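What follows is one structure encoded as structure tokens, with my remarks underneath.
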Amino acid sequence: MEMNKEDNCLNRLDLLKSKLPQNPGILGKEEFFNSAVLIPLVYINDELHFLFEKRSANIKQGGEICFPGGKIEKDDKSPIDTALRETFEEVGIDKSKIEILGKLDILFGSRGILVEPIVAEIKLNNINELKINSSEVEKAFLVPLSFFEKNEPEHFKFHTSITHKSYNSKGEEEELILPNNFGNDTYYKSIRDVLVYKTADETIWGMTAQLVYEIVKKLKA
4 MEMNKEDNCL NRLDLLKSKL PQNPGILGKE EFFNSAVLIP LVYINDELHF
54 LFEKRSANIK QGGEICFPGG KIEKDDKSPI DTALRETFEE VGIDKSKIEI
104 LGKLDILFGS RGILVEPIVA EIKLNNINEL KINSSEVEKA FLVPLSFFEK
154 NEPEHFKFHT SITHKSYNSK GEEEELILPN NFGNDTYYKS IRDVLVYKTA
204 DETIWGMTAQ LVYEIVKKLK A
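To get the working numbering, take the position in the sequence shown, counting from 1, and add 3.
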């Protein structure tokens, strides 16, 4: 007996329902720069500290303050493995000295960066035990957790304009986006809030500052 159109539609809806993910992930995740960072907390001199890096001047985003981390490679079994590998490569801390405490929520950056933050305790007697990879890291330094608990971050406004060109499958320029109110060359403008902590020696801002803020919020809660 031939199935009528209504039954066919219902069957297709049931099929679709069975295919929908029980635990939704991130659609198009592979199109982002997928990375993982370690948020290292160190107990020294009777106080918890964050361990930060200052990126070498000759690499991308040189001079910025960050946590150890980098791109999730295909051979990494998990984001935790990425964070451990990058931490060893950048500052020479072996995974035997790292105790994973857990994860923060995945963080999306404004430049197509997706960060999986791993929170960990680092066993160090002093910072001189680090083996800095000078090709990637200018220096590493500690800031007491209490500094961030006592000092609220400043809020900066970042203004971003994006221009675009689109090319079809033949490599020919072909406009897909409708005219806008920003001018002929600008497709998108945004104003976003960026957190900034100013320590005595360095300025910590952007995604790194946001991760610090999330840790402090959880401890205060």
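Each residue gets a CB set at the ideal place from its N, CA and C atoms; glycine is no exception. Nothing here was measured: the structure is a model prediction, and the numbers come from that model.
Given this structure, state the Cα-to-Cα distance separating residue i from residue j, to the nearest angstrom.
i      : j      : result
Val122 : Lys168 : 40 Å
Leu54  : Lys160 : 26 Å
Ser59  : His162 : 26 Å
Gly66  : Lys22  : 46 Å
Ser81  : Pro24  : 21 Å
Thr202 : Ser137 : 23 Å
Asn61  : Glu141 : 10 Å
Phe111 : Glu76  : 18 Å
His158 : Tyr216 : 12 Å
Glu205 : Pro27  : 39 Å
Ile165 : Gly31  : 21 Å
Cys12  : Thr90  : 53 Å
Leu18  : Lys8   : 15 Å
Met210 : Asp10  : 51 Å
Lys173 : Ala224 : 55 Å
Asp84  : Asn48  : 29 Å
Lys63  : Lys20  : 44 Å
Is the separation between the beta-carbon of residue i and that of residue j shorter than 8 Å?
i      : j      : result
Ala86  : Val118 : no
Leu145 : Ile130 : yes
Leu179 : Glu124 : no
Glu56  : Glu102 : no
Ile194 : Leu133 : no
Gly73  : Ser113 : no
Leu104 : Pro120 : no
With distance defined between alpha-carbon atoms, name the residue in the options nearest to residue i.
i      : options                          : result
Cys69  : Lys20, Ile47 and Glu139          : Glu139
Lys100 : Asp78, Asn61, Gly115 and Tyr46   : Tyr46
Leu222 : Ile165, Tyr170 and Glu152        : Glu152
Ile127 : Lys98, Lys142 and Asp10          : At residue 127 the sequence reads Leu, which differs from the Ile that was named. Among Lys98, Lys142 and Asp10, the Cα nearest to that of Leu127 belongs to Lys98.
Asp196 : Ile116, Trp208, Leu104 and Asp10 : Trp208
His52  : Ala143, Lys32 and Asn14          : Ala143
Lys220 : Asn154, Asn26 and Asn14          : Asn154
Leu214 : Phe91, Asp10, Pro71 and Asn14    : Pro71
Excluding five sequence neighbours on each side, which residues of the same chain lie with their C-beta closer than 8 Å to the C-beta of residue i?
i      : result
Glu50  : Pro147, Leu148 and Ser149
Gly115 : Glu34, Phe35 and Phe36
Glu176 : Lys168, Ser169 and Tyr170
Once the 5 residues before and after residue i are set aside, which same chain residues still bring their CB inside 7 Å of it?
i      : result
Ala212 : Pro156, Leu198, Val199 and Tyr200
Arg225 : In this structure the chain extends from 4 to 224, so residue 225 is not present and cannot be described.
Leu16  : none
Under the assumption that residue i contacts residue j (Cβ atoms under 8 Å), give the Cβ distance between them as a whole number of angstroms.
i      : j      : result
Ile109 : Ile218 : So it is not a contact: roughly 15 Å between Cβ atoms.
Closer than 8 Å, CB to CB, is residue i near chain C or not?
i      : result
Glu155 : Protein chain content of the structure displayed is limited to a single chain, and chain C is not contained in it.
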